[in-house]
Each structure stands twice: as structure tokens, then as C-alpha cells.
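Residue numbers (full-length UniProt numbering): 1 to 435.
All C-beta atoms in this analysis are idealised placements derived from N, C-alpha and C, irrespective of residue type, glycine included.
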């Protein structure tokens with residue numbers, strides 16, 4: 001998910017194994033669980049699948065694939081869902097996306113679930129997408145078991161979503177209509193934290209800006225005045241952003257890298273590229289920050305006499321608008337059955353394309369804690385190792401039970417679903433107001 005910011009841990013919002021602080025249940029659970037018989041069916045089904053799910057997770061973990069190249073994962077997941085009698089559509093809108101559906105009865109609501117698949121270059125499943133993948137599978141199969149045993153009408157749509165890591169796979173699927181017809185959509189994500197805790201934080205909105213500077217080569221010693229230094233322009237753009245940071249909100253993040261072409265120490269570079277990420281706590285805050293960052297690039301070109309070409313991201317990712325009604329139900333189940341709820345750690349300073357899904361329909365994306373070492377959070381080799389542990393597996397199963405039970409309540413409880421919709425509409429007004 002994850003695009004974590006380097007300075008996140010200095011703000012106190014990323015949990016470390018050396019921290020003494022434990023999550024406090026800020027929103028205590030009620031004394032009752034909705035339909036404990038349904039939850040018992042869900043728990044029983046997921047535990048029945050325990051070894052199968054673990055084998056699936058470790059298989060995906062052992063075969064990491066980059067975004068839009070998840071061919072192995074595509075085949076493994078689709079075969080698994082067919083084995084469990086779901087109707088499967090391969091290559092659904094995208095080459096490595098897929099859909100698995102199950103319907104029962106007449107009418108009823110539609111539950112969407114997401115399984116991510118991609119890994120990270122060089123460090124494998126260092127964001128734990130193997131766990132996200134099996135969670136989606138567990139939720140879909142467990143909800144089906146509840147529908148069959150308790151005579152519940154409705155539909156489940158499990159999407160295999162590629163390229164979360166910088167490829168905006170869910171945004172592509174959203175544009176192609178893959179989420180149409182869903183009444184809610186659910187998924188989860190591993191992160192550092194005290195074992196047994198589930199996080200309901202939001203995340204940062206993100207856009208990518210690619211800036212090309214074009215100058216003129218020259219001999220760097222004999223006649224440098226004949227050149228226009230594109231690398232100097234890129235460095236000035238970077239330094240301009242560094243000067244801007246004091247005037248950015250603390251929740252904003254701007255970071256990036258340089259790329260060159262045919263560089264040599266004795267030649268004035270005539271080409272340089274600066275790839276930058278701009279983030280904010282909300283979509284509105286991110287867009288405001290972008291308008292402050294753009295002049296930094298333009299001023300650098302003016303100062304060096306270079307041409308500048310600014311290419312804006314066509315698929316920016318938005319912050320997570322966690323549906324409070326869905327989140328409250330997950331929190332109640334977790335607090336009564338499995339552990340603690342926190343609103344500080346999780347993926348608070350990361351970004352995900354699921355944010356765009358939460359803007360489109362009522363959705364929930366809790367984080368769940370898995371064991372890590374110091375400095376071993378998401379996007380590290382240590383986190384990749386953590387994602388294959390037994391503790392991580394069972395933490396994943398617990399949050400999957402809570403998500404499946406929440407999905408079952410959406411199908412069963414008309415008043416609860418009305419609350420989910422009302423919460424979404426209220427949040428929509430906040431978004432439109434820029435908050």
C-alpha cells in the first residue's frame with residue numbers, strides 16, 4: 001500500500017516493537033454482537049479453511065510478482081475460488097485481474113471484497129499482499145457459508161486487484177465499472193502494531209508528478225558557459241521544495257528521485273528527470289499542496305535557462321474515507337472477540353488506490369497488526385519475512401472474521417445498511433467541503 005513516508009516514525013504515528021504504548025479502545029464495543037450464530041458460522045468456516053489459506057498465502061509469498069505481472073497469482077487464486085464453487089471470470093477488465101462471485105436467493109444486497117496480489121521490486125511481499133489476498137478469499141467463502149446456513153439472500157463479488165504498488169489497479173477497475181452494483185466494499189491491510197490490534201485510521205492522498213528538464217550539453221571544463229545544465233535545474237527544483245516544506249501542513253509529504261540519461265562528469269547534462277510524490281491528509285489538502293509545488297519546478301527551469309515539461313498523474317489516489325458505520329461494527333466485533341482497536345497506527349502515513357473506492361461507495365479498509373522488528377515496517381525485507389509468519393496468518397484470519405460478520409450484517413439488517421448509506425452521504429458532504 002503502501003508508499004510509506006520516510007519521516008513518518010518521527011511523528012509518533014508508526015508503531016515500533018520498542019514502543020511501550022498499547023492501543024486504547026477509544027470507541028468501546030457494545031455488550032452484544034449482532035447475530036452471534038452467524039459469527040459462529042463464519043468463525044467455523046474460516047478455521048476449517050485455516051491450513052488451505054495458509055498454504056495459499058505462503059505459495060503467493062514464495063512467488064512475488066510486480067504490478068500487472070501477477071500471472072501466477074491470477075491463476076492460483078482463480079483455481080482456488082473455482083474449487084470452492086464460485087463463478088470465476090479470468091482476466092476481468094485487466095490482464096491479471098479476476099472476479100469470483102456467488103449469489104443466493106432473490107434480490108438482496110451485494111458485498112464487494114478485494115484481494116491484492118502484487119509485490120515490490122527486489123524485496124518481494126514486503127507489504128504483505130499475500131495476507132490481503134487470502135483475507136479476501138476468507139471473507140468471501142465465510143460470507144457464503146453464512147448465507148447458505150442462515151438462508152440469507154444476496155451476492156458476493158470478490159475482485160482480484162492488481163498493481164496497488166504505484167500502478168493504481170483499483171482506479172483502472174473503478175473506471176471500467178468493476179465496482180458497479182456493489183453496496184459496500186471491504187478489505188484489510190497488514191501493518192506494524194501490537195499483536196491483536198486492528199486499526200481504523202485513514203491514509204494520505206497521493207499524486208505523482210514527473211518533471212523533465214531539457215538543456216544543452218557542453219564541455220564541463222573547457223566551455224561550460226555554452227551549456228544549459230538540466231541536472232542543476234532538477235537539483236534546484238528539489239531545493240525549492242525543501243524551502244517550501246516550512247509552509248506546508250505537517251500532514252503533507254513531498255519526496256522524489258532524480259533520473260538521468262547519458263550522464264558523464266565531463267559533460268554538462270542536457271536532460272534530467274525529477275519524479276516526485278505529493279501527499280496530503282485529504283484529497284483537497286493534496287491538491288492544495290500540488291499548487292504550491294508546481295512553481296518550484298518552473299522556477300528551477302527559469303533560473304537555469306532549461307525547458308521544463310511537467311507531467312501530472314492521471315490516476316491520483318485519494319485518502320481512505322473509512323465508513324464509520326462499517327468501522328463501528330468491525331470495532332465492536334474485534335473488541336468483544338479478538339483484541340483492540342486503534343486510531344493512530346496502521347497505514348496512516350501511507351497511500352492506497354482503495355482510497356478512490358471509498359470515495360465511490362461505502363467502504364472499509366482496516367489495518368491489522370503483524371509482528372515486526374525495529375525498523376522493519378512495510379516495504380522492508382523484515383516485513384516480507386513477517387508476512388509469512390504464523391502470528392501474521394492468524395491476525396489476518398481474525399480481522400477477516402470481523403469483516404465477514406460485518407458483511408453479513410449488511411445483508412441481514414436493513415436499519416444497519418441505512419445507517420451505512422447515511423454515513424457515506426454525510427461524509428460525501430464533508431469531502432465536498434474540503435474536509
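Inter-residue CB distance, residue i and residue j (contact presumed, cutoff 8 angstroms)
{"i": "residue 152", "j": "residue 404", "result": "In fact, because the Cβ distance is near 12 angstroms, the residues do not count as touching under 8 angstroms."}
{"i": "residue 387", "j": "residue 131", "result": "6 angstroms"}
{"i": "residue 382", "j": "residue 389", "result": "Contact doesn't hold; Cβ gap of about 11 angstroms is too wide."}
{"i": "residue 304", "j": "residue 215", "result": "7 angstroms"}
{"i": "residue 168", "j": "residue 380", "result": "Wrong, their Cβ atoms sit about 23 angstroms apart, outside the cutoff."}
{"i": "residue 154", "j": "residue 364", "result": "Not quite, the Cβ-Cβ distance comes to about 17 angstroms (not below 8 angstroms), so this is no contact."}
{"i": "residue 505", "j": "residue 56", "result": "With the chain running from 1 to 435 in the structure shown, residue 505 is simply not present."}
{"i": "residue 210", "j": "residue 275", "result": "5 angstroms"}
{"i": "residue 173", "j": "residue 93", "result": "6 angstroms"}
{"i": "residue 139", "j": "residue 407", "result": "7 angstroms"}
{"i": "residue 123", "j": "residue 384", "result": "6 angstroms"}
{"i": "residue 296", "j": "residue 135", "result": "No, residue 296 and residue 135 are not in contact; Cβ-Cβ is about 40 angstroms, not under 8 angstroms."}
{"i": "residue 156", "j": "residue 88", "result": "With a Cβ gap of about 12 angstroms, residue 156 and residue 88 do not count as contacting."}
Straight-line gap, residue i to residue j (C-alpha atoms, nearest Å)
{"i": "residue 26", "j": "residue 375", "result": "Confidence at residue 26 is low in this model, with a pLDDT of 48, below 50, so its placement is unreliable and the value that follows should be read with caution. Taking the straight line joining both Cα atoms gives about 27 angstroms."}
{"i": "residue 163", "j": "residue 128", "result": "13 angstroms"}
{"i": "residue 368", "j": "residue 199", "result": "6 angstroms"}
{"i": "residue 95", "j": "residue 110", "result": "24 angstroms"}
{"i": "residue 360", "j": "residue 265", "result": "50 angstroms"}
{"i": "residue 325", "j": "residue 307", "result": "51 angstroms"}
{"i": "residue 290", "j": "residue 259", "result": "21 angstroms"}
{"i": "residue 80", "j": "residue 71", "result": "14 angstroms"}
{"i": "residue 85", "j": "residue 144", "result": "10 angstroms"}
{"i": "residue 160", "j": "residue 101", "result": "11 angstroms"}
{"i": "residue 329", "j": "residue 180", "result": "24 angstroms"}
{"i": "residue 234", "j": "residue 213", "result": "7 angstroms"}
{"i": "residue 435", "j": "residue 228", "result": "43 angstroms"}
{"i": "residue 186", "j": "residue 268", "result": "52 angstroms"}
{"i": "residue 327", "j": "residue 366", "result": "8 angstroms"}
{"i": "residue 176", "j": "residue 47", "result": "35 angstroms"}
{"i": "residue 423", "j": "residue 333", "result": "19 angstroms"}
{"i": "residue 431", "j": "residue 355", "result": "13 angstroms"}
{"i": "residue 392", "j": "residue 336", "result": "20 angstroms"}
{"i": "residue 253", "j": "residue 273", "result": "19 angstroms"}
{"i": "residue 419", "j": "residue 362", "result": "11 angstroms"}
{"i": "residue 398", "j": "residue 119", "result": "23 angstroms"}
{"i": "residue 409", "j": "residue 400", "result": "14 angstroms"}
{"i": "residue 232", "j": "residue 243", "result": "16 angstroms"}
{"i": "residue 421", "j": "residue 147", "result": "22 angstroms"}
{"i": "residue 250", "j": "residue 240", "result": "17 angstroms"}
{"i": "residue 238", "j": "residue 67", "result": "28 angstroms"}
{"i": "residue 425", "j": "residue 184", "result": "13 angstroms"}
Local Cβ density within 10 Å of residue i, reported as buried at 16 or more and exposed below that
{"i": "residue 222", "result": "exposed"}
{"i": "residue 51", "result": "exposed"}
{"i": "residue 98", "result": "buried"}
{"i": "residue 377", "result": "buried"}
{"i": "residue 245", "result": "exposed"}
{"i": "residue 141", "result": "buried"}
{"i": "residue 201", "result": "buried"}
{"i": "residue 247", "result": "exposed"}
{"i": "residue 107", "result": "exposed"}
{"i": "residue 78", "result": "buried"}
{"i": "residue 190", "result": "buried"}
{"i": "residue 74", "result": "buried"}
{"i": "residue 219", "result": "exposed"}
{"i": "residue 2", "result": "Unreliable placement is indicated for residue 2, whose pLDDT of 49 sits below 50; the coordinate value is still reported in the next sentence. Its Cβ being crowded by 16 or more others within 10 Å, residue 2 is buried."}
Identified DSSP bridge partners for residue i
{"i": "residue 98", "result": "160"}
{"i": "residue 155", "result": "103 and 110"}
{"i": "residue 367", "result": "189 and 199"}
{"i": "residue 276", "result": "209 and 256"}
{"i": "residue 228", "result": "216"}
{"i": "residue 309", "result": "212"}
{"i": "residue 184", "result": "111"}
{"i": "residue 120", "result": "124"}
{"i": "residue 46", "result": "According to DSSP, which records beta bridges pairwise, residue 46 is partnered with nothing at all."}
{"i": "residue 271", "result": "214"}
{"i": "residue 88", "result": "100"}
{"i": "residue 317", "result": "206"}
{"i": "residue 331", "result": "None; residue 331 has no bridge partner."}
Any C-beta of chain D under 8 angstroms from that of residue i
{"i": "residue 182", "result": "Among the chains of the structure shown, chain D does not appear; only one protein chain is present."}
If contact is defined by three or more beta carbon pairs under 8 angstroms, each pair taking one atom from either stretch, is the segment 164-177 in contact with the segment 111-130?
yes
Below 8 angstroms, can you find three or more Cβ-Cβ pairs linking the segment 296-314 to the segment 279-286?
no
Check whether the segment 186-198 touches the segment 337-344, taking contact to mean three or more Cβ pairs, one atom from each stretch, closer than 8 angstroms.
yes
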